[in-house]
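Here the sequence shown is numbered in our numbering, starting from 77 and rising by one per residue.
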Amino acid sequence: MSAWDWFDEYEWRARGAGDPERALLGELHRDAYHFRESDPDRALALVARGRALAERLGEPWWVLYYDQQRVHALLHFKQDYRGVLELAVANTLEVRKPAYAGFPRRLLIHGDLVSAYLGIDPLGHAAAIRAALDYLDAETPAEGDDRYLLLGSQRQFALERGRLDEAEDYSRRSLALAAGDPDGGRASHFSVFTYSGLCEVGWRKGDRELLAAAALAGEEAARVVGHQVELAGFWLWLALLYRQEGDAGRAGQFYRQAARRLAGLRMPRDPSLRDAECAYHELAGRPELALAARDDELAELAGRGRSAQEFACLLKRAWLLRRLGRLGEADLDRARGAAARLREPSRYLEELKKLVEG
């Protein structure tokens, strides 16, 4: 049984029995996913409605499913990590109870806990992340949704630790899994995120060939599946690549295309896309626009519990200000304050020291 079979069969039986309320339990999560990019708040409201309906109907598996969907939406649709760790831990404790033996989303609940740790403080929670990833690696089938998700978490953990070859290897494994997947829709869906991760790997390694190949393949896959934020992200990478080649016309075309698409969406973009945008502006001789992009990123991160990412943004902003000759003590103090909120601030302060000392 796949992770979705139980839910699909439940909805099918409810419709056959003429029970529209129970059938609605199967509709609401699909409606929520539909609004994930355009209106994440509406997606969360639909999840809350599903949870309340499941509780009223006395359906504990559906209650837990919508509790998991709430955490997933906060992590990935809203990227709002305030209080999400407590919710993720509560779900992992709940799914261990005998009443949920055989619950088909069990591994995803554990995966959400890993994602929460990664998004809040990946180095500070490194031991917990390793333990959870080892558990998931042993429990996860060799194929299917959960394996793709695990490979994505392993790739992200490698990226957070600067292990770029390792991150690339996990991406290659995911693409190999997709190549042999009999479910073409699923393969395309997960390939989009794999190519997005490979773009970041290529950028950070300075491997333009890898970046270009991932951006082009990712754009094609995103068009097929319809993931709009990722599609715009691939356009940003292509804009940067064309700018590096000196083709300002095509670079501008892809950048404007990406900007228009992102302006119509409310899901926050991946931090690596801010790197692409800022590099594009700096290469075009417009550092003020790069600084504005970093300020937008900070505003998006403010108060959302993404402590490590907030520090990373402040550090990149400080380097930009230094290149502009405008780095001040207040900027450094702001970065130090962000580092102080992390479990192991010394690692981050060392990065700030490199900036100060040049």
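Ideal Cβ positions, reconstructed from N, Cα and C, are used throughout, including at glycine.
Residue state for GLN155 is assigned as coil, using DSSP reduced to three classes.
Straight-line spacing of the CA atoms in GLY256 and LYS430 works out to 45 Å. By the Cβ neighbour-count rule, HIS303 is buried, with 16 or more other Cβ atoms within 10 Å of its own. Annotation: PHE266 to THR168 spans about 24 Å, alpha carbon to alpha carbon.
Contact annotation: LEU317 and LEU349 have beta-carbon atoms that are not nearer than 8 Å.
Judged by their CB atoms, GLU353 and LEU312 are nearer to each other than the 8 Å cut-off. Taking GLU131 as reference, the option from LEU120, GLY159 and LEU101 with the minimal CA-CA separation is LEU101. The C-alpha of TYR176 is placed about 16 Å away from the C-alpha of TYR86. Nearest in C-alpha terms to ARG125, of all of HIS110, ASP115 and GLU103, is GLU103. DSSP, reduced to helix, strand and coil, places ARG248 within a helical segment of the structure shown. Within the stretch 234 to 314, the runs of alpha helix (DSSP H) that reach at least 4 residues and sit entirely inside it are, in chain order, 240 to 255, 260 to 281 and 284 to 301. DSSP, reduced to helix, strand and coil, places PHE83 within a helical segment of the structure shown. If you draw a straight line from the Cα of VAL147 to the Cα of ALA108, it is about 13 Å long. With fewer than 16 other CB atoms across the displayed protein chains lying within 10 angstroms of its CB, SER114 is exposed. Excluding the 5 residues flanking it on each side, GLN155 has same chain C-beta neighbours closer than 6 Å at PRO344, in chain order. By the Cβ rule, the stretch 291 to 309 counts as touching the stretch 261 to 278, because three or more pairs are nearer than 8 Å. Between the alpha carbons of ALA355 and SER191 lies a distance of about 27 Å.
Going by C-alpha positions, ALA218 is about 25 Å away from CYS275. Distance from the CA of ALA315 to the CA of GLU321, rounded to the nearest whole angstrom, comes to 10 Å. Boundaries for GLU321: no alpha helix (DSSP H) harbours it, and the DSSP string shows neither H nor E there.
Shown here for ASP81: same chain residues with a beta carbon closer than 8 Å to its own, the five before and five after excluded, namely PRO180 in chain order.
Counting along the chain, HIS148 sits inside the alpha helix (DSSP H) bounded by residues 136 to 148.
Here the alpha carbons of ASP245 and VAL277 stand approximately 10 Å from one another.
Rounded to the nearest whole angstrom, the CA to CA distance from HIS152 to GLY379 is 16 Å. GLY228 sits in a helix when the DSSP states are folded into three classes.
Taking each of TYR141, ALA119 and ARG118 in turn and checking the Cα distance to ASP84, the smallest one comes out for TYR141. By the neighbour-count definition (other C-beta atoms within 10 Å, threshold 16), SER422 is an exposed residue.
The shortest C-alpha to C-alpha distance from ALA290 to any of GLY309, TRP88 and LEU227 is the one to GLY309. For PHE387, the enclosing alpha helix (DSSP H) starts and ends at 383 to 400.
Taking a cut-off of 8 Å for Cβ pairs, the stretch 156 to 165 and the stretch 378 to 394 touch, as three or more such pairs fall below it. ARG419 is the residue among PRO96, ASP221 and ARG419 whose C-alpha sits nearest the C-alpha of TYR193. Around the C-beta of LYS173, fewer than 16 other C-beta atoms lie within 10 Å, and the residue is accordingly described as exposed. LEU396 places its beta carbon less than 8 Å from that of ARG370. Just measuring C-alpha positions, the residue of LEU408, GLU386 and VAL123 sitting nearest GLU433 is LEU408. In terms of Cα proximity to ALA243, the closest of LEU253, LEU251 and GLN232 is GLN232.
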